[in-house]
Amino acid sequence: MPPRFLPLLLSSALLAGCAGSSELARPRLDLGLIQDASSAEPGFRGPGVGIEKPAGGVRVSEEDIRLAMESAGPLEGPVRVAVVEITRAWEGANRPTSVSPEELAAFREALGGSVESVQTVPQMFLPDAADLPTLRYAAARVGANALFVFNREANEGTYFNAWSNLNWLILPIFCVPGKTAEVYAAAEGALIDVATSRVRAVAAADVRLDTVITTAASSRRPLEELDREGRLKSVELLGLDLGRQVGSLRVGQK
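All letters in the sequence shown, in the order written, are residues 13 to 266 by the numbering used here.
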């Protein structure tokens, strides 16, 4: 092939329409734990993240949450936060889990000096299924007056990028970086007053990460690394979002 045609061939390959593109959608989250627990009983299980009230009970609506947040008033006294993640369980119930030291440190640093302390609840103190009364009690056991519960999900995928066209044109040995691995992580959490069960703030985070690998390479390890990075980043962004709201909160009052 004459060298003068190589730039034209390269540009044509990179602009070719047969290369794939990212179509990852935002992960779907369900934070059903945000509800009024005043008449809820611990120990029963329900759909979503958390519990439902017994028969006849009604979930708290987004309007209820908004009104509770608007009436919270200014911060009175130091806020001591206990952080718990709600994870999806195979049995159908959703399980509260402790936060790893690395993620807890990222969350604490993101919050900065807006709260007095940030800690997680040891797994031995957490219930098997996510019910709000028991979680509030567990948070109180570690000296917290606010409970931050959050849920996160991630979508992942791979696609051939524009560089992959070079495999068929001039490099059929599949050594070019023709594949992109991508992870889209999303998280949402609620800060709940341990004493009153009222929702004081709602935080959210979206993270999209990708990396380029060779066409013939396995995407399993890159996706695992991106997922770990996305989980850590989502917790950090939740802390930043929550930290912007803590200055207008008040805990421990009806």
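Note that the Cβ used here is the ideal one computed from N, Cα and C, for glycine as well. All values reported here derive from a predicted model rather than from experimental measurement.
Determine the DSSP secondary structure at residue i, reduced to helix, strand or coil.
| i | result |
| --- | --- |
| V127 | coil |
| R107 | strand |
| R71 | Bear in mind that the predicted position of R71 carries a pLDDT of just 40, short of 50, making it unreliable; the figure below should be weighed with that in mind. If DSSP states are grouped into helix, strand and coil, R71 belongs with coil. |
| G155 | coil |
| D143 | coil |
| A122 | helix |
| A150 | helix |
| R243 | helix |
| R210 | coil |
| V258 | helix |
| L138 | coil |
| D253 | helix |
| E248 | helix |
Here's the rule I'm using: 16 or more other beta-carbon atoms within 10 Å means buried, otherwise exposed. How should residue i be labelled?
| i | result |
| --- | --- |
| V258 | buried |
| D140 | exposed |
| V224 | exposed |
| W124 | Per the sequence shown, the amino acid found at residue 124 is Gly instead of Trp. It is exposed - the Cβ of G124 has fewer than 16 other Cβ atoms within 10 Å. |
| P90 | exposed |
| E53 | Model confidence at E53 stands at a pLDDT of 39, short of 50, so the residue's coordinates are unreliable and nothing is read from them. |
| Q265 | A caution first: Q265 carries a pLDDT of 47, below 50, which makes its placement in the model unreliable, though a value can still be read off. Answer is exposed; the Cβ neighbour count stays below 16. |
| V161 | buried |
| T99 | exposed |
Less than 8 Å between the C-beta atoms of residue i and residue j, yes or no?
| i | j | result |
| --- | --- | --- |
| V206 | L159 | yes |
| S112 | Q135 | no |
| E248 | A122 | yes |
| K245 | V219 | yes |
| L147 | V96 | yes |
Roughly how many whole angstroms lie between the Cα atoms of residue i and residue j?
| i | j | result |
| --- | --- | --- |
| V195 | E168 | 4 Å |
| L252 | E115 | 13 Å |
| V133 | D143 | 14 Å |
| L138 | E241 | 26 Å |
| R256 | A166 | 25 Å |
| A156 | A202 | 15 Å |
| V154 | A198 | 28 Å |
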